[in-house]
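Peer 1:
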Amino acid sequence: MLSGTPFHSRTAPLCQGHNWRRWAGYVVASSYGLTHDHEYQAIRSSAALIDVSPLYKYAIRGSDAERLLDRVLTRDVSRCNVGRVMYGPWCDETGKVIDDGTLQRLGDETFRLTSGEPNLRWLCESAQGLRATVEDDSDTIAALALQGPLARHVLGNACDSDLMDLDYFRLTFARIGGVPVTISRTGYTGDLGYEIWLEASAADTVWDTLVAAGRPFGLTPAGILALDVARIEAGLLLINVDYIPANRALIESRKSSPFELGLDWTVRLEKSHFIGRDALLAEWQRGPEWKLKGLELDWGSLERVYGEFGLPPQLPGVAWRTSVPVYVQGQQVGYATSGTWSPTLKKYIALAHLRTAHADTGTRVEMEVTAEHQRKRVSARVVEKPFFEPERKRA
Amino acid sequence: MARGKRYDAVIIGGGHNGLVNAAYLARADKRVLVLERRHVLGGSAVTEEFFPGFKFSTLSYVVSLLRPEIIRDLDLPSHGLEILPLESTLTPLPNGDYLARWADHDRTRREIYRHSATDAEAYDDFGRLMYQLAFAMKPLLGMVPPDPTSLSPRELYRLVKLGKHFRDLGRERFYALYKLLTMSSADYLDEWFETEPLKATMACSGIIGTFLGVRSPGTAYVLLHHYMGEIDGAFRSWGFARGGTGAVSQAIADAARRYGAEIRTESPVAAVKVKNGRATGVALESGEEIDARVVVSAVDPKLTFLKLVDPGQLPIDFVEAIHRFRIRGSSGKVNLALDALPNFTCLPGDGPHLRGAISISPSIDYLERAYDDAKYGEFSRRPYMDIVIPSMIDPTMAPPGKHVMSIFVQYAPYDLNGGWNEKRRDAFGDAVIDTLSDFAPNLKNVILHRKVITPLDMEQEYGLTDGNIFHGELALHQLFFMRPVPSWADYRTPIKDYYQCGSGTHPGGGITGASGRLSAQVILKDW
Ligand SMILES: Cc1cc2nc3c(=O)[nH]c(=O)nc-3n(C[C@H](O)[C@H](O)[C@H](O)COP(=O)(O)OP(=O)(O)OC[C@H]3O[C@@H](n4cnc5c(N)ncnc54)[C@H](O)[C@@H]3O)c2cc1C
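Protein chains in written order, with UniProt numbering: chain D, 1 to 395; chain X, 1 to 527.
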């Protein structure tokens, strides 16, 4: 049997359609309601409560904890002061991305790192010779994402601390329903939002307190389907979907560097050493072969393709996660890995890996679409990510 | 059928390789006759009902290495081949705990994680590496081994192609392969894992059918050999043939007959007739003689060259090499008819764990101790066992509610001190049942019938010289272009028109059919 998350006793009764999906060995709700639209709207217009407990979480402690993480991550961890959160990838020696996640500095010698796949072995191996311990907290720490424009109100109502001063990618310690929690101003939606980290044993109390505090603000539990739409709009990568972890790729060509994933800004080549640095430096000088960019599908072109069959454009009902070819003048120049109709932007958008020569913003490309059993190409424009970035995210 | 009728090919031995060979030759419109000594076909891949109502895969018991191209070429599913998944491996432990690996990745991860958090990750990484290496080695299984000492352009070309293939492996994988070729399975797995039962259970595939221990160098490669199992093209899955492993042989026989091959049982061959350095037919033990344009031996190399022909007709160094070919039997088999399911202390009652393999391999030390006994001529007092309960997967193997249990056991040396006899066979059977009862205490009360098969039985009843389950050990120096002897790894023999196609040839033992198929290709090329 797969286990439910620490919130299962609360989420299970809400899951009307019994739409469960697997995430890192747990089951989580795809959507609670019979459709996910309402849950998505909560993320963008009020507040949504999302169970993200299946994330892998590691506690890194010790006088060399900072050194260890600086060795592993491409970011400059020495600049991650206590109370700060950093997002970044980590690479193998050849500079290919193994995983990505957020790093919280909880204390001088205490960090929490999240990841999409298990990384205990990698972290332990990297810690050799350092005074740092790595502990797998994945099962003992529960996590909730509280996301949406009213998230601050909900959280302010539920906890004992003032969140007005909590800046983007900062964290604080507080109590919710008497339970000590860590609150970070982070999330996977590109909206105003927080993630709440707590002992798994206190999950029920925290959930109940938040739900009660959120009632006046329309707080809605949201599942993974809603989250997936939001994260594509926010241009955020999903491991195993938008990229394949280097240590899991069966062939070289499946691996990606941070540059190829559009994570240039996370790579601090000026650091004297980190795993993969030499390879990344060389790649930087050469220029990456691929770039991950946004695509915006051309509505007129969609209309024409479906119009041939006497149909209006058929839009994806949920975000898709398949590999879809992208062309320029009949030549394949890349592939899209995630796509969705954006209800907020009213656009059909996708994330695509493009050969660098065809990755400039504004480039005209074509993406494959299957219309009435026939493969067609719909014209699209290369755009910057994120597709959607409201001011409130950082404000 | 008229006596003395001339055949294109006579195949000695109706094991699965002989049958595959016959099917391919018959498919090429040759007139083919298979002669099997026993009353049933299949050799080591045989299903027998030696206790009424209970069907046993007498010797081999799981299928994974059967070449997919054979399944396709002979359309075996249309001849009744059905492979059912064997989804788990359970290792019960003396302390009442267990280690299980399941078909589901998340579940296996959780379970290994329970024993060691880092092993859970290492297990995935290891699996990926083996997958890559198995994929790289796969072409070797499907080709006639080139002769590295030959200067013929054709052989050189084939070698170069192979060399390039290995260069493409990449550095990391090349070194991993090198380690596999040189290390012991225990040492190799030590580099990856810390959980004893995990290491031990994985290491076992390195010793099956060898007279080596998990700490003997060279056993690591056999790990890979066993990773090459494919079912319907999917790597790494072991399966159970519906109807037992005999059903595999039956399906192949059926295909061969459909192509026109004749198959005779209870027809032991006494000798191959050789005239002027050329095989011309066979003489049966009954006195009957059958002429054929080519003779193919599907029995092991010792029988093929030392018994069926007069070694005097072979080059001396060749005969020497055949004498040296290692074929020490080390395995036994215990088949049980059960009134009810065994009840394992670690996972009481019925459950999915009984539909998979059960491995008695709690630690590397346990396995090495089992080997220690064998080294000095005794059967293991506490042996390694690989157990399946086929009736859990295919209920027609036993009467409703009853079960059959197949226990593969190591070690049981062929050269037992004082020799095998009825008393020693029983003592060996007792050691097996006693050991297993420690993990499943109700076992003794539910046994309706017990059939213990020693290496000597394998030789006398099933025609396996020295009771070796693979027609010769799968040791590195006996694989690929060395199998069975250098320069004669291409299924030809020093006697013209006399070919070999049994497990003693490349790529070796297991229900693969590869030897039978590759040999047929060579025969047809020479035609
Ligand atoms: C106990 C045991 C367990 C095994 N477990 C597995 C397993 O689980 N999975 C797996 O893949 N492999 C397993 N194997 C190995 C596998 O079964 C063999 O490698 C394979 O079946 C050999 O096939 P073969 O056709 O080459 O030879 P054989 O099956 O040995 O066939 C040779 C045939 O020749 C006949 N013969 C002998 N002498 C004469 C003669 N003079 N005239 C006519 N006929 C003769 C024999 O009776 C026999 O039928 C196991 C083997 C044994 C013994």
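The beta-carbon is built from N, C-alpha and C at its ideal position, and this holds for glycine as well.
#1: Suppose the cutoff is 8 Å on Cβ atoms and the five residues either side in sequence are ignored; what does the same chain contact list for L106 (chain D) look like?
#2: Less than 7 Å between the beta carbons of H16 (chain X) and G509 (chain X), yes or no?
#3: Among D:P386, D:G25 and D:D76, which one has its Cα closest to the Cα of L237 (chain D)?
#4: Spell out whether any CB of chain D is found under 7 Å from the CB atom of F38 (chain X).
#5: Could you tell me whether any Cβ in chain X is nearer than 7 Å to the Cβ of P118 (chain D)?
#6: Just checking: is the beta-carbon of R254 (chain D) within a distance shorter than 7 Å of some beta-carbon in chain X?
#7: In three-state terms, what does DSSP make of I231 (chain X)?
#8: Please list the terminal residues of the continuous alpha helix (DSSP H) segment that includes N81 (chain D).
#9: Would the segment 207-227 of chain D and the segment 298-306 of chain D be scored as touching if the rule is three or more Cβ pairs under 8 Å?
#10: Report all residues from its chain with a CB closer than 7 Å to the CB of D136 (chain D); omit the five preceding and five following residues, and keep chain order.
#11: Would you call the segment 300-320 of chain X in contact with the segment 399-408 of chain X, where contact means no fewer than 3 C-beta pairs closer than 8 Å?
#12: Taking Cβ positions only, does G129 (chain D) come closer than 7 Å to chain X?
#13: What's the gap between the Cα of residue 555 (chain X) and the Cα of H226 (chain X)?
#14: Which parts of the segment 23-51 of chain D are runs of the beta strand (DSSP E), unbroken and 3 residues or longer, counting only runs that do not cross its ends?
#15: Return no unless some Cβ of chain X is closer than 7 Å to the Cβ of G25 (chain D).
#16: Beta-carbon of R394 (chain D) versus every beta-carbon of chain X: anything under 7 Å?
#17: Taking the beta carbon of S361 (chain X) as the centre, do at least 16 other beta carbons fall within 10 Å, making it buried, or is it exposed?
#18: Over the uninterrupted alpha helix (DSSP H) stretch that includes F408 (chain X), give me the two end residues.
#19: In angstroms, rounded to a whole number, what distance separates the CA positions of L297 (chain D) and P245 (chain D)?
#20: Taking a Cβ distance cut-off of 9 Å, strictly less, list which residues of the segment 4-23 of chain D are near chain X, in chain order.
#21: Does DSSP put L171 (chain D) in a helix, a strand or coil?
#22: Return the chain-ordered list of same chain residues with a C-beta closer than 7 Å to the C-beta of Y98 (chain X), the five sequence neighbours on each side being excluded.
#23: Can you give me the start and stop residues for the alpha helix (DSSP H) that Q16 (chain D) sits inside?
#24: I want to check one thing, is the minimum distance from the CB of R37 (chain X) to the heavy atoms of ligand 1 below 6 Å?
#25: Taking only beta-carbon positions, decide if D434 (chain X) is within less than 7 Å of chain D.
#26: Please tell me whether D310 (chain X) has its Cβ less than 7 Å away from any Cβ of chain D.
#27: Just to confirm before moving on: does the CB-CB distance between V383 (chain D) and H358 (chain D) stay below 7 Å?
#28: Under 7 Å, Cβ to Cβ, is there at least one residue of chain D near F122 (chain X)?
#29: Give the straight-line distance between the Cα atoms of W207 (chain D) and P180 (chain D), rounded to the nearest whole angstrom.
#30: Are the C-beta of D242 (chain D) and some C-beta of chain X separated by less than 7 Å?
#31: Rounded to whole angstroms, what's the CA-CA distance from A234 (chain X) to L65 (chain X)? Just pull it up for me.
#32: Mind checking whether A279 (chain X) and A270 (chain X) have CB atoms under 7 Å apart?
#33: Of all the beta strand (DSSP E) runs that stay within the bounds of the segment 100-135 of chain D, which reach a length of 3 or more residues?
#34: Beta-carbon separation of residue 572 (chain X) and A136 (chain X) under 7 Å?
#35: Could you say if the segment 137-144 of chain D and the segment 55-74 of chain D meet the contact criterion of at least three C-beta pairs nearer than 8 Å?
Peer 2: So, to answer that:
#1: Within the same chain, L106 (chain D) has close Cβ partners V82, R112, L171 and T182.
#2: With respect to G509 (chain X), H16 (chain X) sits apart: the two C-beta atoms are not nearer than 7 Å.
#3: Distance check between L237 (chain D) and each of D:P386, D:G25 and D:D76 places D:P386 closest, using alpha-carbon atoms only.
#4: Looking at the sequence provided, one finds Arg at residue 38 (chain X) rather than Phe. Interface residue (Cβ-Cβ distance to chain D less than 7 Å): R38 (chain X) is not classified as such.
#5: When Cβ-Cβ separations below 7 Å define contact, P118 (chain D) makes contact with chain X.
#6: No, no contact with chain X.
#7: Note on I231 (chain X): pLDDT 37, under 50, position unreliable in the model; no value is reported.
#8: N81 (chain D): not part of any alpha helix (DSSP H); DSSP gives it neither H nor E.
#9: Too few Cβ pairs lie closer than 8 Å, so no.
#10: Here D136 (chain D) has Y58 and L120 as same chain residues with Cβ atoms under 7 Å from its own Cβ, once five neighbours each way along the sequence are excluded.
#11: No: fewer than three Cβ pairs fall under 8 Å.
#12: Closer than 7 Å: no.
#13: This structure gives no information on residue 555 (chain X), because the portion of chain X shown stretches from 1 to 527.
#14: Within the segment 23-51 of chain D, complete beta strand (DSSP E) segments of at least 3 residues are found at 26-31 and 47-51, given in chain order.
#15: It does: the Cβ of G25 (chain D) has a partner Cβ on chain X nearer than 7 Å.
#16: Not one chain X Cβ lies under 7 Å of R394 (chain D).
#17: By the 10 Å Cβ count, S361 (chain X) comes out buried.
#18: Careful: F408 (chain X) lies outside any alpha helix (DSSP H), inside the beta strand (DSSP E) at H403 to Q410.
#19: Spanning the two alpha carbons is a distance of roughly 28 Å.
#20: Within the segment 4-23 of chain D, the residues whose Cβ lies closer than 9 Å to some Cβ of chain X are R22, listed in chain order.
#21: Reduced to three states, the DSSP call for L171 (chain D) is strand.
#22: Excluding sequence positions up to five before and after Y98 (chain X), its CB lies within less than 7 Å of the CB of L90, T91, P92, C346 and L347, all in the same chain and listed in chain order.
#23: From DSSP, Q16 (chain D) is part of no alpha helix (DSSP H); its letter is neither H nor E.
#24: Yes, the Cβ of R37 (chain X) comes within 6 Å of a heavy atom of ligand 1.
#25: Proximity of D434 (chain X) to chain D, defined by a Cβ-Cβ separation below 7 Å, is not satisfied.
#26: So no, D310 (chain X) is outside the interface.
#27: The answer is no: Cβ separation not under 7 Å.
#28: Correcting the residue type first, residue 122 (chain X) is Ala in the shown sequence and not Phe. Taking Cβ atoms only, chain D reaches closer than 7 Å to A122 (chain X), which makes this a yes.
#29: If you take the alpha carbons of W207 (chain D) and P180 (chain D), they lie about 13 Å apart.
#30: It does not: the Cβ of D242 (chain D) has no partner Cβ on chain X nearer than 7 Å.
#31: Unreliable placement is indicated for A234 (chain X), whose pLDDT of 49 sits below 50; the coordinate value is still reported in the next sentence. In a straight line, the C-alpha of A234 (chain X) is about 11 Å away from that of L65 (chain X).
#32: Taking the C-beta atoms as reference points, A270 (chain X) is found no nearer than 7 Å to A279 (chain X).
#33: Runs of the beta strand (DSSP E) lying entirely within the segment 100-135 of chain D and spanning at least 3 residues, in chain order: 110-115.
#34: Here chain X comprises residues numbered 1 to 527, so residue 572 (chain X) is not present and cannot be evaluated.
#35: Counting C-beta pairs closer than 8 Å gives three or more between the segment 137-144 of chain D and the segment 55-74 of chain D, which meets the contact rule.
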